[in-house]
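According to this note's numbering, the sequence shown holds residues 419 to 572 in order. C-beta: ideal position from N, C-alpha, C; glycine also. Fair warning: this is a prediction, and the values are worked out from it, not measured in the lab. What follows is a single structure, written as structure tokens, with notes after it.
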Amino acid sequence: MPYLIDGHNLIPKIGLRLDSMNDEMELVAILQEFARLKRQQVEVYFDGAPAPHAGTRSLGTIRAHFIRLGQTADNAIRDRLNKMGKSAKNLIVVSSDREVQNAARGHQAQFVSAEEFVKLLKAAMTSMPKTSTDGKKLSYKWKAYGCLCHCRQF
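Written out as structure tokens, the structure is:
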């Protein structure tokens with residue numbers, strides 16, 4: 419099932435910092451590895467993008483939606499659920515925001531909190547090899563668990 423993820427909701431839960439210049443790209447790198455390992459489609463939503471940087475980009479296997487400043491990722495996720503209609507029931511929404519969870523429930527989509535998704539990430543990451551498929555050493559620290567979170571260099 420494809421995942422719709424509230425990125426800024428997830429960032430602090432995995433030990434990254436929202437005030438870091440690279441927080442979004444670090445999360446994308448982690449999600450790329452998760453998507454590869456679990457063979458899942460992932461869309462991540464980040465709000466607060468200045469106008470010239472707003473929009474949707476394919477970053478490797480991840481579709482990243484950078485939501486324009488003044489709008490929210492929560493609303494963008496709800497809009498996506500509305501556009502999906504009945505097929506939204508095939509999605510998993512990742513957010514700890516109750517309104518987003520209620521929207522997912524209303525569309526019969528599955529949902530998990532950011533905290534629960536971190537457990538899924540941890541399980542996926544601990545099952546992967548110590549090097550990437552191209553042989554490079556992998557290097558993200560997953561501070562929340564005090565262990566290495568092995569992700570591809572972005």
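Tell me whether the stretch 478-494 and the stretch 460-469 touch, counting them as touching only if at least three CB pairs, one residue from each stretch, are closer than 8 Å.
Contact holds between the stretch 478-494 and the stretch 460-469, because three or more Cβ pairs, one in each stretch, are under 8 Å apart.
So, helix, strand or coil for residue 557, using DSSP?
Bear in mind that a pLDDT of 42 at residue 557, under 50, signals an unreliable position, so the number given afterwards is only what the model happens to contain. For residue 557, the secondary structure class from DSSP, reduced to helix, strand or coil, is coil.
For residue 441 versus residue 449, is the C-beta distance shorter than 8 Å?
No, they are not a contact pair.
Tell me the DSSP secondary structure of residue 469 in three-state form.
DSSP places residue 469 in helix when its eight states are reduced to three.
What's the gap between the Cα of residue 517 and the Cα of residue 545?
It is roughly 33 Å from the alpha-carbon of residue 517 to the alpha-carbon of residue 545.
Is there contact between the stretch 491-509 and the stretch 473-480, where contact requires at least three CB pairs shorter than 8 Å?
Output reads no: the stretch 473-480 does not touch the stretch 491-509.
What number of angstroms, rounded off, separates the C-alpha of residue 511 from the C-alpha of residue 420?
The alpha-carbon separation between residue 511 and residue 420 amounts to approximately 9 Å.
Give the list of continuous alpha helix (DSSP H) stretches no shorter than 4 residues that lie fully inside the stretch 499-524.
DSSP runs (the alpha helix (DSSP H)) wholly in the stretch 499-524: 516-524.
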